[in-house]
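Student: Here it is: the structure, laid out below.
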Amino acid sequence: EQGLRDVNIIVWDHNRDLIVQRAQAIFDDPAAAKYAWGIGFHWYEDWSGGQQMYGNVALVKRLYPAKHILFTEGTPASFDSTAYGRWSLGEAYGRSMINDFNSGTEGWTDWNILLDERGGPNHVGNFCFAPIHADTRTGQLIYTNSYYYIGHFSKFVRPGARRIVASPSRSMLLATAFVNQDGTVVVVVMNPTAKGGDYNLAVGSASVQVSSRPHSIQTVVF
48 EQGLRDVNII VWDHNRDLIV QRAQAIFDDP AAAKYAWGIG FHWYEDWSGG
98 QQMYGNVALV KRLYPAKHIL FTEGTPASFD STAYGRWSLG EAYGRSMIND
148 FNSGTEGWTD WNILLDERGG PNHVGNFCFA PIHADTRTGQ LIYTNSYYYI
198 GHFSKFVRPG ARRIVASPSR SMLLATAFVN QDGTVVVVVM NPTAKGGDYN
248 LAVGSASVQV SSRPHSIQTV VF
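Heads up: the sequence shown begins at 48 in my numbering, then just goes up one per residue.
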């Protein structure tokens with residue numbers, strides 16, 4: 048009635064730890080569920096020293112397949128200008144994106160794609176890392192490795208793509224796959240371990256051997 052029919056409402060918008068309970072509270076209530084397009088979540092449930100709870104996202108997808116799931120915020124905290132090259136920054140993005148997409152997430156949004164040389168601005172002093180930092184004193188743009196990890200998805204997985212099954216047979220590898228609307232298949236493979244090795248990328252009866260380097264991410268398009 049107010050010209051807002053193209054606006055979709057995302058509920059929760061917090062961490063994976065309580066996403067199932069909040070989804071049940073809202074989506075099981077017909078009066079509330081009719082207004083909710085989907086549910087959003089963040090990655091900070093490991094603040095107490097625990098692990099990322101990807102299984103909760105998959106459970107929401109299984110319980111409410113008609114609802115949409117979006118990752119709406121994630122950022123590495125504790126900014127340190129001497130640690131732009133810290134490899135774990137990118138691996139945190141890759142690990143989250145692969146597991147979240149495999150759990151039914153449809154889209155993934157960083158908290159801040161660009162911050163300044165202090166990891167801000169921030170009104171409460173919560174200075175963080177970002178994929179890109181702009182040194183406002185010199186005009187220099189500093190690209191951290193998380194920028195390139197994101198690119199392994201955003202550059203090749205196009206809007207409208209559908210996720211397809213990808214099952215790695217080596218425990219050191221994480222993988223996800225998509226088919227774009229033009230028919231191209233995109234496979235993203237991440238090796239977060241200190242051990243490299245070869246693996247076979249197999250589709251039906253066809254296969255090709257690919258080498259995975261330690262602490263690497265690679266995208267295969269065919």
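Backbone N, C-alpha and C define an ideal beta-carbon position, used for all residues, glycine too.
#1: From what residue to what residue does the beta strand (DSSP E) around Ile161 run?
#2: Could you name each continuous alpha helix (DSSP H) segment of 4 residues or more that falls completely within the segment 166 to 250, going from the start of the chain to the end?
#3: With distances taken between CB atoms, is the gap from His180 to Asp163 smaller than 9 Å?
#4: Please state the DSSP three-state secondary structure of Ser135.
#5: Decide if the segment 100 to 119 is in contact with the segment 65 to 82; the criterion is three or more beta carbon pairs, one per stretch, under 8 Å apart.
#6: Pairing CB atoms from the segment 135 to 147 with CB atoms from the segment 190 to 201, are three or more of them under 8 Å?
#7: Assign Glu120 to one of three DSSP states: helix, strand, or coil.
#8: Check for me: the beta strand (DSSP E) holding Gln265 runs from which residue to which?
#9: Return the first residue and the last residue of the alpha helix (DSSP H) that Gln71 is part of.
#10: Quick one: any contact between the segment 221 to 232 and the segment 170 to 179, if contact means 3 or more CB pairs under 8 Å?
#11: For Val58, does the three-state DSSP call read helix, strand or coil?
#12: Going by beta carbon distance, what residues of the same chain come within less than 8 Å of Thr106, once the five residues before and after it are set aside?
#13: Identify which residue in Asp93, Gly243 and Ser128 has its Cα closest to the Cα of Asp182.
#14: Taking DSSP's pairing of strands, which residues face Ala130 in a bridge?
#15: Just the C-alpha distance for His61 and Tyr131, rounded to the nearest angstrom, thanks.
#16: Between which two residues does the beta strand (DSSP E) harbouring Ala253 extend?
#17: Compute the Euclidean distance between the alpha carbons of Pro215 and Ile73, then round it to the nearest angstrom.
#18: With H, G and I counted as helix, E and B as strand and the rest as coil, what does DSSP make of Ala113?
Tutor: Concretely, from the data shown:
#1: Checking the sequence shown, residue 161 turns out to be Leu, not Ile. Run containing Leu161: Leu161 to Asp163, per the beta strand (DSSP E) assignment.
#2: 192 to 201
#3: yes
#4: helix
#5: yes
#6: yes
#7: strand
#8: Ser263 to Val268
#9: Ile66 to Phe74
#10: no
#11: strand
#12: Correcting the residue identity first, residue 106 is Leu in this sequence and not Thr. Correct list, in chain order: Val67.
#13: Ser128
#14: The partner list for Ala130 (beta bridge, DSSP) is empty, contrary to what the question assumes.
#15: 27 Å
#16: Ala253 to Ser259
#17: 35 Å
#18: coil
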